[in-house]
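Participant: Quick note on this note's numbering: the sequence shown kicks off at 143 and runs consecutively.
For every residue, glycine included, the Cβ atom is placed at its ideal position computed from N, Cα and C.
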Amino acid sequence: MDFSFNACSNILNNMNDLQLFLLSDSCPEDVKETLLEKQLDLIETLNMNLSLLEDDLSSSKSSVLDIKAA
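1. Under a three-way DSSP split, which group does Asp-159 fall into?
2. If you reduce the DSSP assignment to three classes, tell me which class Phe-147 lands in.
3. Is it true that the CB of Leu-184 sits closer than 9 angstroms to the CB of Phe-145?
4. Could you compute how far the alpha carbon of Leu-165 sits from the alpha carbon of Asp-197?
Written as C-alpha coordinates, this is what we have:
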(Lines of atoms letter the chains of each structure in order from A and count residues from 1; the text may use other names and numbers.)
(Lines give C-alpha, C1' and ligand atoms only; values in the text may rest on other atoms or scores of the structure.)
Protein backbone atom coordinates (compact mmCIF):
# COMPACT_ATOMS: atom_id res chain seq x y z
CA MET A 1 0.00 0.00 0.00
CA ASP A 2 1.28 3.44 -0.89
CA PHE A 3 1.12 5.71 2.13
CA SER A 4 3.43 8.41 0.82
CA PHE A 5 2.71 12.11 1.05
CA ASN A 6 1.65 12.09 -2.63
CA ALA A 7 -0.80 9.24 -2.08
CA CYS A 8 -2.35 11.05 0.89
CA SER A 9 -2.52 14.25 -1.12
CA ASN A 10 -4.29 12.44 -3.98
CA ILE A 11 -6.85 10.98 -1.58
CA LEU A 12 -7.47 14.42 -0.11
CA ASN A 13 -7.92 15.90 -3.59
CA ASN A 14 -10.41 13.14 -4.46
CA MET A 15 -12.30 13.84 -1.24
CA ASN A 16 -12.46 17.55 -2.05
CA ASP A 17 -13.68 16.89 -5.60
CA LEU A 18 -16.31 14.50 -4.31
CA GLN A 19 -17.48 16.98 -1.67
CA LEU A 20 -17.78 19.76 -4.22
CA PHE A 21 -19.85 17.53 -6.49
CA LEU A 22 -22.08 16.44 -3.60
CA LEU A 23 -22.74 20.07 -2.73
CA SER A 24 -23.44 21.09 -6.31
CA ASP A 25 -26.86 21.28 -7.88
CA SER A 26 -25.77 18.88 -10.60
CA CYS A 27 -25.41 15.92 -8.22
CA PRO A 28 -28.41 13.60 -8.70
CA GLU A 29 -30.20 12.67 -5.50
CA ASP A 30 -30.17 8.97 -6.36
CA VAL A 31 -26.35 8.77 -6.28
CA LYS A 32 -25.70 10.87 -3.18
CA GLU A 33 -25.84 7.94 -0.76
CA THR A 34 -23.33 5.95 -2.81
CA LEU A 35 -21.04 8.97 -3.09
CA LEU A 36 -21.26 9.62 0.64
CA GLU A 37 -20.22 6.01 1.26
CA LYS A 38 -17.31 6.50 -1.13
CA GLN A 39 -16.35 9.65 0.73
CA LEU A 40 -16.33 7.74 4.03
CA ASP A 41 -14.13 5.08 2.44
CA LEU A 42 -11.71 7.79 1.31
CA ILE A 43 -11.65 9.27 4.81
CA GLU A 44 -10.89 5.86 6.32
CA THR A 45 -8.16 5.23 3.74
CA LEU A 46 -6.60 8.63 4.36
CA ASN A 47 -6.70 8.06 8.11
CA MET A 48 -4.99 4.69 7.73
CA ASN A 49 -2.38 6.07 5.33
CA LEU A 50 -1.58 8.98 7.62
CA SER A 51 -1.17 6.57 10.55
CA LEU A 52 1.17 4.40 8.49
CA LEU A 53 3.11 7.46 7.38
CA GLU A 54 3.40 8.63 10.97
CA ASP A 55 4.62 5.18 12.06
CA ASP A 56 7.14 5.13 9.23
CA LEU A 57 8.44 8.59 10.15
CA SER A 58 8.71 7.62 13.83
CA SER A 59 10.56 4.45 12.89
CA SER A 60 12.92 6.38 10.63
CA LYS A 61 13.58 8.91 13.37
CA SER A 62 14.37 6.10 15.84
CA SER A 63 16.74 4.51 13.34
CA VAL A 64 18.58 7.79 12.83
CA LEU A 65 18.85 8.33 16.58
CA ASP A 66 20.16 4.76 17.04
CA ILE A 67 22.80 5.33 14.36
CA LYS A 68 23.87 8.62 15.95
CA ALA A 69 24.11 6.98 19.37
CA ALA A 70 26.33 4.18 18.04
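Facilitator: Taking the geometry as given:
1. The residue you call residue 159 lines up with position 17 of the sequence shown. Helix.
2. Within the sequence shown, numbered from 1, the residue matching residue 147 stands at position 5. It is helical.
3. Sequence index remark: in the sequence shown, residue 145 carries index 3 (1-based). Sequence index remark: in the sequence shown, residue 184 carries index 42 (1-based). No, these two residues do not count as a Cβ contact at 9 angstroms.
4. Position 23 of the sequence shown, counted from the first residue, corresponds to residue 165. Position 55 of the sequence shown, counted from the first residue, corresponds to residue 197. Taking the straight line joining both Cα atoms gives about 34 angstroms.
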